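S.K.: I have a structure I would like to understand better, so I am pasting it below and will then ask my questions one at a time.
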Amino acid sequence: MTGTLGSILVQIQDDIRGDFGWQLQHDLDSAKDLMWYCESKSKTNLLWSKDGRQRTLLQLQEGLISGPLTVLGAAAEPSDVRDAIVGGQRIIAADGAVGVLNESEYPGIAWDALLCVVSDGDGDMADLTMAAERGVPFVLHAHGDNIQQWIKLLDVLFLHGTPLILTHQTPVELEGMCNPGGFTDGDRAVCFALSQNVERVQIKLRGFQTESIGRWTGQTNPERKMRKLEWMKRVLDIAGVRM
126 MTGTLGSILV QIQDDIRGDF GWQLQHDLDS AKDLMWYCES KSKTNLLWSK
176 DGRQRTLLQL QEGLISGPLT VLGAAAEPSD VRDAIVGGQR IIAADGAVGV
226 LNESEYPGIA WDALLCVVSD GDGDMADLTM AAERGVPFVL HAHGDNIQQW
276 IKLLDVLFLH GTPLILTHQT PVELEGMCNP GGFTDGDRAV CFALSQNVER
326 VQIKLRGFQT ESIGRWTGQT NPERKMRKLE WMKRVLDIAG VRM
């Protein structure tokens, strides 16, 4: 991803905050708290230290750039997983969409194809826990109103020693975290892949829609979620990845 595109995908977060009336400081506080929490736990789990998270990122990058990818969104169905497997594509799951892997005709192959889960912690905890148990890396995101969610999820991830990468949505440089751009788990997963030098043509979106709320979406206000999906579409359009 070019520096210009990356900057645009980060700058749009200011527009989104303005549209929803959210405060940048709240996003920043959540990000700093998340980083502190992980560093405090790294004494007993070196994977969660800054160096450990960087190693996880580098290892994940190798998988991301190695071939075609499917990003599973909140409307994903078992047929989407099948098509990804048949197409020889590795998988990135957006938060609770990871649950669709268990509904696949070939769940073992599907789980083996999963590279990471991009999450802000509001997906179904049972599904997220299954990914944690399998050692799937989590790209965990901090924003202003999800502190309780990431605390709850981190308790599960810590129990299983799950590898972590941390993301935020502020214009501030935070050592040990990255801001790939984007907004919802789905479009952020795309932005994250692009930030790791994945080419647009490698990415296939499955389970993305704007006309209704996907079944893997966490608890949400329906009206506000539909507005979020409109922003998701704008981010994907800017990124140049077609739904």
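Residue numbers (the numbering used here): 126 to 368.
Yeah, the Cβ is synthetic: ideal placement off N, Cα and C, and Gly gets one too.
Given the structure is predicted, the values throughout are model-derived calculations rather than measurements.
Identify, in the order they occur along the chain, each residue of the same chain with its Cβ nearer than 7 Å to the Cβ of LEU361, setting aside the five sequence neighbours on each side.
M.R.: Excluding residues within five positions, the ones whose Cβ falls inside 7 Å are ASP312, VAL315 and MET368.
S.K.: Please tell me whether LEU291 and ALA318 are closer than 9 Å, where the distance is taken between their beta carbons.
M.R.: For LEU291 and ALA318, no; Cβs fall outside 9 Å.
S.K.: Please go through the stretch 207-284 and give each complete alpha helix (DSSP H) segment of 4 or more residues, from N-terminal end onward.
M.R.: The qualifying runs are 232-238 and 250-258.
S.K.: Under the DSSP definition of a beta bridge, which residues are partnered with CYS303?
M.R.: BP columns for CYS303 point to THR292.
S.K.: Between ARG142, GLU230, GLY286 and ILE272, which lies nearest to THR254 when the distance is taken from Cα to Cα?
M.R.: Closest by alpha carbon: GLY286.
S.K.: Mark ARG352 as exposed unless 16 or more other C-beta atoms lie within 10 angstroms of its C-beta, in which case mark it buried.
M.R.: Looking at its Cβ environment, which holds fewer than 16 other Cβ atoms inside 10 Å, ARG352 is exposed.
S.K.: Is the CB-CB distance between ASP310 and ASP237 below 9 Å?
M.R.: In this structure, ASP237 does not lie closer than 9 Å to ASP310 by Cβ.
S.K.: Specify, as a first and last residue, the run of the alpha helix (DSSP H) that THR195 falls within.
M.R.: Looking at the DSSP string, THR195 is not in any alpha helix (DSSP H); the run it does join, the beta strand (DSSP E), is 194-197.
S.K.: Given THR295, which residues of its chain have a CB within under 7 Å of its CB, disregarding the five upstream and five downstream residues?
M.R.: Here the set comprises LEU149, ASP152, LEU153, ALA156 and ASN304.
S.K.: Mark GLY212 as exposed unless 16 or more other C-beta atoms lie within 10 angstroms of its C-beta, in which case mark it buried.
M.R.: Classification of GLY212: exposed, given that the 10 Å Cβ count is below 16.
S.K.: Rounded to whole angstroms, what's the CA-CA distance from GLU324 to CYS163? Just pull it up for me.
M.R.: Taking the straight line joining both Cα atoms gives about 31 Å.
S.K.: Hey, ARG137 and ILE363: beta-carbon distance below 9 Å or not?
M.R.: According to the sequence as given, residue 137 is Ile; it is not Arg. Against a cut-off of 9 Å, the Cβ pair of ILE363 and ILE137 comes out as a contact.
S.K.: With a cut-off of 8 Å on the beta carbons, I'd call ALA201 and GLY332 a contact; round off their distance for me.
M.R.: Right, their Cβ atoms sit about 3 Å apart.
S.K.: By DSSP's criteria, ILE328 is part of a beta bridge. Which residues make up the other side?
M.R.: ILE328 pairs with LEU194.
S.K.: According to DSSP, simplified to helix, strand and coil, what is PHE317?
M.R.: PHE317: helix per DSSP, three-state reduction.
S.K.: Given VAL366, which residues of its chain have a CB within under 7 Å of its CB, disregarding the five upstream and five downstream residues?
M.R.: The residues are VAL315, ARG325, ILE328 and LEU330.
S.K.: Among VAL225, GLY128 and ARG178, which residue has its Cα nearest to the Cα of GLU300?
M.R.: The residue with the shortest Cα to Cα distance from GLU300 is ARG178.
S.K.: Since MET250 contacts VAL223 with CB under 8 Å, what's their CB separation in whole angstroms?
M.R.: No, MET250 and VAL223 are not in contact; Cβ-Cβ is about 11 Å, not under 8 Å.
S.K.: Identify whether LYS168 lies in helix, strand or coil by the three-state DSSP scheme.
M.R.: Residue state, collapsed to three classes: coil.
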